[in-house]
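> First residue of the sequence shown? That's 1 in full-length UniProt numbering, and the numbers climb one at a time after it. Where a beta carbon is used, it is the ideal one built from N, C-alpha and C, also for glycine. Provided herewith is a single structure, encoded as structure tokens, for subsequent inquiry.
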Amino acid sequence: MAELATEKHVRYILTVEKRKDNFESVVMEHLRMSGAYWGLTALDLLGKLDSVDVDEVTSWLLSCQHESGGFGGNIGHDPHILYTLSAVQVLALFDKMDVIDVDKVTNYIVSLQNVDGSFSGDMWGEVDTRFSYIAICCLSILHRLDKVNVEKAVKYIISCKNMDGGFGCTPGGESHAGQIFCCVGALAITGSLDLVDKDLLGWWLCERQVKSGGLNGRPEKLPDVCYSWWVLSSLTMIDRVHWISKEKLIRFILDCQDTENGGISDRPDDAVDIFHTFFGVAGGVPLIFLLVFYSICCAKSCHLGFPCLIWEPPHLFLSHPLRLPNLGKVLACHFIHLLFPKSDDEPFFQSFVVNLYC
Numbered sequence: 001m002a003e004l005a006t007e008k009h010v011r012y013i014l015t016v017e018k019r020k021d022n023f024e025s026v027v028m029e030h031l032r033m034s035g036a037y038w039g040l041t042a043l044d045l046l047g048k049l050d051s052v053d054v055d056e057v058t059s060w061l062l063s064c065q066h067e068s069g070g071f072g073g074n075i076g077h078d079p080h081i082l083y084t085l086s087a088v089q090v091l092a093l094f095d096k097m098d099v100i101d102v103d104k105v106t107n108y109i110v111s112l113q114n115v116d117g118s119f120s121g122d123m124w125g126e127v128d129t130r131f132s133y134i135a136i137c138c139l140s141i142l143h144r145l146d147k148v149n150v151e152k153a154v155k156y157i158i159s160c161k162n163m164d165g166g167f168g169c170t171p172g173g174e175s176h177a178g179q180i181f182c183c184v185g186a187l188a189i190t191g192s193l194d195l196v197d198k199d200l201l202g203w204w205l206c207e208r209q210v211k212s213g214g215l216n217g218r219p220e221k222l223p224d225v226c227y228s229w230w231v232l233s234s235l236t237m238i239d240r241v242h243w244i245s246k247e248k249l250i251r252f253i254l255d256c257q258d259t260e261n262g263g264i265s266d267r268p269d270d271a272v273d274i275f276h277t278f279f280g281v282a283g284g285v286p287l288i289f290l291l292v293f294y295s296i297c298c299a300k301s302c303h304l305g306f307p308c309l310i311w312e313p314p315h316l317f318l319s320h321p322l323r324l325p326n327l328g329k330v331l332a333c334h335f336i337h338l339l340f341p342k343s344d345d346e347p348f349f350q351s352f353v354v355n356l357y358c
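This is the structure in structure tokens:
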């Protein structure tokens, strides 16, 4: 079976960042902040975050902050809650949260909550459950979740739940896998998953898997690599991930790779882009957890000063171990198993469930 073309994907991601005149860079100028998050997180998941200049990226990121406290998609662009989360996530990835005024960023997000508990994306007022998740996730990272009306926020999200168990962007909106991730994620962060009909939602989500093994976002649509993340993580949060074929999904993700030049596309043989490369890696890497035969936390990891997971997965995905010390800061899934060394000379197997939303 094919393997993840790690080195080629790393080269592709770094090339996208360095080339400013190609088509992909030009059309992404307005959302470069999110592009930075996608690329940097993918590099970290692939164990290559040290390939970038942290200070340079941090300096650019801060230049995108508006006086309101929010961040824009690029220098001089209007602030938006979406890019604000991406900026905070990148700083968390770099362990650079001390470079921002947390209260200022918090006040910007708080100002976007509406009377009914929903959140607007920016000063122009568009409302979407994506923004509810973003606000709750970002404030959770900043340890400021108590600054908004969480009860009303949860009530609004539940008002967007449909008879099929899914969630839409607004009350009455069509159920969609992306919106479901946002709503379920927000409910997980706030400790409100008991309000979800897990079996009904799980059934809707598992029906998103098609014959190729890929997942789509709603009925009668083509599969897309990005839903490997949205659907998989939603199923994980409601403990129904065993309802899909993980082996077939891994094969689909691997088939979407450009094995010559790097990058991952939405479907096999389509053009690659940074968005699908990130979600292909982010969707595929957690699958290793679900298929892993054994994991070893080596004695050397205890010298790093922080929990460090070393995976030795079966040949389905990778042929070499991955050391991922920052995994807990990056993935927004409901739980992750971390392995800790018992002593310098005695590695052991022990799994702890850590809620990354706390």
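1) Classify residue 219: buried if its beta carbon has 16 or more other beta carbons within 10 angstroms, exposed otherwise.
2) What span of residues does the alpha helix (DSSP H) with residue 84 cover, start to end?
3) Pick out the complete alpha helix (DSSP H) segments inside the stretch 92-179, 4 residues or longer, and give them in chain order.
4) Give the DSSP-derived three-state secondary structure of residue 265 in the structure shown.
5) Report the start-end ranges of each alpha helix (DSSP H) in the stretch 209-247 that is 4 residues or longer and not cut off at the edges.
6) Using C-beta distances below 6 Å, list every residue in its chain close to residue 166, excluding the 5 sequence neighbours before and after it, in chain order.
7) Count Cβ pairs between the stretch 78-97 and the stretch 25-39 that sit closer than 8 Å; are there 3 or more?
8) So for residue 284, helix, strand or coil by DSSP?
9) Which two residues bound the contiguous alpha helix (DSSP H) that contains residue 48?
10) How about residue 121 and residue 155: do their beta carbons lie closer than 8 Å?
11) Give the single residue among 52, 124 and 101 whose Cα lies nearest to the Cα of residue 65.
12) Could you pull out every residue in the same chain whose Cβ sits closer than 6 Å to the Cβ of residue 185, ignoring the five residues on either side in sequence?
13) Assuming the contact rule is C-beta atoms closer than 8 Å, residue 142 and residue 106 should be a hit. Round their C-beta distance to whole Å, please.
14) For residue 193, which residues from the same chain have a beta carbon less than 6 Å from its beta carbon, with the 5 sequence-adjacent residues on both sides left out?
15) Only counting the same chain, and skipping five residues up and downstream in sequence, which positions put a Cβ closer than 7 Å to that of residue 223?
16) Leaving out five residues on either side along the sequence, give the residues of the same chain with a beta carbon under 8 Å from the beta carbon of residue 229.
17) Which first and last residues belong to the alpha helix (DSSP H) in which residue 67 is found?
18) Taking all protein chains shown into account, decide if residue 115 is buried (16 or more other Cβ within 10 angstroms of its Cβ) or exposed.
19) Based on the DSSP output, what are the partners of residue 273 in its beta bridges?
20) From what residue to what residue does the alpha helix (DSSP H) around residue 370 run?
21) Would you mind sorting residue 13 into buried or exposed? The rule is 16 or more other CB atoms within 10 Å of its CB.
22) Can you list, in chain order, the residues of its chain whose CB lies under 6 Å from that of residue 315, leaving out five sequence neighbours each side?
23) Rounded to whole angstroms, what's the CA-CA distance from residue 60 to residue 221? Just pull it up for me.
24) What do you get for residue 49, buried or exposed, if any count of 16 or more other CB atoms within 10 angstroms of its CB means buried?
25) Using a Cβ-Cβ cut-off of 6 Å (strictly less than) and excluding sequence neighbours within five positions of residue 78, which residues of its own chain qualify?
26) Using a Cβ-Cβ cutoff of less than 8 Å, which residues in the same chain neighbour residue 10 once the five nearest sequence positions on both sides are dropped?
27) To the nearest angstrom, how far is the alpha carbon of residue 56 from that of residue 67?
28) Got a sec? Which residues, its chain only, sit under 7 Å from residue 231 by beta carbon, not counting five neighbours each side?
29) Compare the Cα-Cα distances from residue 240 to each of 88, 196, 172 and 277 and report the closest residue.
30) What do you get for residue 271, buried or exposed, if any count of 16 or more other CB atoms within 10 angstroms of its CB means buried?
31) When the distance is taken between beta carbons, is residue 88 closer than 8 Å to residue 147?
32) So, at 8 Å on beta carbons, what are the nonlocal neighbours of residue 200 in its own chain, with the 5 sequence-adjacent residues on each side left out?
On the basis of the coordinates in this document:
1) Here residue 219 refers to the residue found at position 219 of the sequence shown. Flag for residue 219 reads exposed.
2) As a working mapping, residue 84 is identified with position 84 in the sequence shown. 81-94 is the span of the alpha helix (DSSP H), which, as asked, contains residue 84.
3) Here the runs fully enclosed are 102-110, 129-141 and 150-159.
4) Working through the sequence shown from its first residue, we reach residue 265 at position 265. Residue state for residue 265 is assigned as strand, using DSSP reduced to three classes.
5) As far as the stretch 209-247 is concerned, its whole alpha helix (DSSP H) runs of at least 4 residues are 227-237.
6) Reading the sequence shown from its first residue, position 166 is the one you call residue 166. These residues qualify, in order along the chain: 175, 180 and 204.
7) Yes, they touch.
8) Reading the sequence shown from its first residue, position 284 is the one you call residue 284. The answer is helix: DSSP assigns residue 284 an H, G or I state.
9) Within the sequence shown, the letter at position 48 stands for residue 48. Per DSSP, residue 48 is not a residue of any alpha helix (DSSP H), being assigned neither H nor E.
10) Taking the first residue of the sequence shown as 1, we reach residue 121 at position 121. Taking the first residue of the sequence shown as 1, we reach residue 155 at position 155. No, the pair does not count as a contact, with Cβ atoms beyond the cut-off.
11) On the sequence shown, residue 65 is found 65 positions in, with the first residue counted as 1. Shortest Cα-Cα distance from residue 65 to any of 52, 124 and 101 involves 101.
12) On the sequence shown, residue 185 is found 185 positions in, with the first residue counted as 1. So the list reads 133, once near-sequence residues are dropped.
13) Stepping through the sequence shown from its first residue, residue 142 is reached at position 142. Stepping through the sequence shown from its first residue, residue 106 is reached at position 106. About 6 Å separates the two Cβ atoms, so the contact holds.
14) Indexing the sequence shown from 1 puts residue 193 at position 193. Cβ within range, chain order: 187.
15) By 1-based counting over the sequence shown, the position of residue 223 is 223. Cβ within range, chain order: 210, 212, 214, 215, 216, 252 and 267.
16) Here residue 229 corresponds to residue number 229 of the sequence shown, with the count starting at 1. Closer than 8 Å at the Cβ level, and outside the excluded window around residue 229, lie 181, 279, 282 and 283.
17) Position 67 of the sequence shown, counting from 1, holds the residue named residue 67. Going by DSSP, residue 67 is part of no alpha helix (DSSP H) at all; its letter is neither H nor E.
18) As a first step, residue 115 must be located in the sequence shown, where it is residue number 115. Counting Cβ neighbours within 10 Å, residue 115 comes out exposed, since fewer than 16 surround it.
19) Position 273 of the sequence shown, counting from 1, holds the residue named residue 273. Bridge partners of residue 273: 264.
20) Within the shown structure, residues of the chain are numbered from 1 to 358, placing residue 370 beyond reach of any answer.
21) Position 13 of the sequence shown, counting from 1, holds the residue named residue 13. It is buried - the Cβ of residue 13 has at least 16 other Cβ atoms within 10 Å.
22) In the sequence shown, residue 315 corresponds to position 315, counting from 1. In this predicted model, residue 315 has a pLDDT of only 36, less than 50, meaning its place in the structure is not dependable; the value taken from the coordinates is given anyway. Around residue 315: no qualifying Cβ.
23) To locate residue 60, count along the sequence shown from 1; it is residue 60. To locate residue 221, count along the sequence shown from 1; it is residue 221. If you take the alpha carbons of residue 60 and residue 221, they lie about 38 Å apart.
24) Along the sequence shown, read from residue 1 onward, the residue named residue 49 stands at position 49. Classification for residue 49: buried.
25) Position 78 of the sequence shown, counted from the first residue, corresponds to residue 78. Shown here for residue 78: same chain residues with a beta carbon closer than 6 Å to its own, the five before and five after excluded, namely 72 in chain order.
26) On the sequence shown, residue 10 is found 10 positions in, with the first residue counted as 1. Taking C-beta separations shorter than 8 Å and ignoring five residues to either side along the sequence, the partners of residue 10 in its chain run 43, 46, 48, 51 and 262, following chain order.
27) Locating residue 56 in the sequence shown gives position 56, where the first residue counts as 1. Locating residue 67 in the sequence shown gives position 67, where the first residue counts as 1. Answer to the nearest angstrom: the Cα atoms are 21 Å apart.
28) Position 231 of the sequence shown, counted from the start, is the residue given in the question as residue 231. Cβ within range, chain order: 177, 205, 208 and 215.
29) Position 240 of the sequence shown, counting from 1, holds the residue named residue 240. When C-alpha distances from residue 240 are compared across 88, 196, 172 and 277, the shortest belongs to 196.
30) Position 271 of the sequence shown, counted from the start, is the residue given in the question as residue 271. Only exposed fits residue 271, as fewer than 16 other CB atoms lie within 10 angstroms of its CB.
31) Along the sequence shown, read from residue 1 onward, the residue named residue 147 stands at position 147. Along the sequence shown, read from residue 1 onward, the residue named residue 88 stands at position 88. No, the Cβ-Cβ distance between residue 147 and residue 88 is not below 8 Å.
32) Within the sequence shown, residue 200 is the residue found at index 200, counting from 1. Here the set comprises 164 and 165.
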